[in-house]
Amino acid sequence: MVKSGGYVNLVMSQGPFHLDSCDHLLFTGQSSGVSTVKERRKWSLKEDLILIGAWLNTSKDPIVSNEQKVGAFWNRIVEYYNSSPQLVGTTPRELGPCKQRWARINEGVCKFAGCYDMALREQRSGQNENDVMKSALDIFANDQGSKFNFEHAWRELRHDVKWCSTYLEKDKRKPTDSQGDGEGAVPEPYH
């Protein structure tokens with residue numbers, strides 16, 4: 714339904730539309746037969762880090778472990794997030810926005826982790842950590858067509874098993890006879 718001036722009434726349209734940005738409006742239902750609209754809150758770096766901490770702590774809980782259903786898992790994350798002393802005085806976040814934000818963070822960090830691995834493999838002698846990071850950011854921008862906006866999240870998650878560099882892990886292994894030609898293997902002492 715297009716109105717004059719190019720306005721599209723999204724409430725009445727039948728087609729799907731995607732919210733790719735945190736800046737869009739959120740339709741919250743009806744009040745007295747009229748749709749109510751409120752502005753979607755942006756996530757701050759501090760809120761992202763609290764959400765990441767909530768996800769990590771909940772996913773690594775040794776008592777509950779993986780014996781929890783998805784709904785219970787996310788309810789625990791939201792409860793942990795909203796109970797953070799760093800968020801005192803702010804409006805609590807609901808389950809949906811927390812899951813959506815985590816999905817965006819996770820997707821971005823996973824993509825960037827691959828770019829960082831590639832930059833490590835291409836690292837030349839004399840390049841430092843900053844050079845590798847710049848190269849990884851360039852690779853991401855070329856591959857994705859956009860800037861990587863979750864560096865703060867990647868720095869928080871990068872040492873976790875799910876996101877750590879596979880290149881460094883492969884590099885640290887020492888070859889044995891069963892892994893190749895035996896070059897570099899330690900010979901057995903003579904008796």
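Residue numbers (the working numbering): 714 to 904. Glycine residues also receive a C-beta, built at the ideal position from the N, C-alpha and C atoms. Everything numeric in this text was worked out from a predicted model, so none of it was measured.
Close-in-space but distant-in-sequence residues of the same chain around residue i (CB under 7 Å, 5 per side omitted)
i    : result
V822 : F863, A866, W867, L870 and W876
D856 : C828
W768 : I790 and W815
Simplified DSSP assignment, three categories, for residue i
i    : result
W660 : Here the chain covers residues 714 to 904 and nothing more, so residue 660 does not appear.
G858 : coil
T804 : coil
Q799 : helix
R789 : helix
N819 : helix
CB-CB length for residue i against residue j, believed under 8 Å
i    : j    : result
I790 : T771 : 5 Å
L764 : Y794 : 6 Å
Nearest to residue i (by Cα), restricted to the options the options
i    : options                   : result
W815 : D844, L762 and V874       : L762
P798 : E760, F786 and W768       : E760
G858 : H872, V874 and F825       : F825
P810 : L800, V801, W787 and E842 : W787
D873 : N843, K773 and G839       : K773
R753 : I852, R806 and S838       : R806
Close Cβ partners of residue i (< 8 Å) along its chain, the five nearest in sequence each way excluded
i    : result
V783 : none
V845 : Y829, A832, L833 and Q836
Buried or exposed (CB count within 10 angstroms, at least 16 for buried), residue i
i    : result
H737 : Low local confidence applies: a pLDDT of 41 at H737 is under 50, so the model's placement there is unreliable, and no value is given.
I776 : exposed
A785 : exposed
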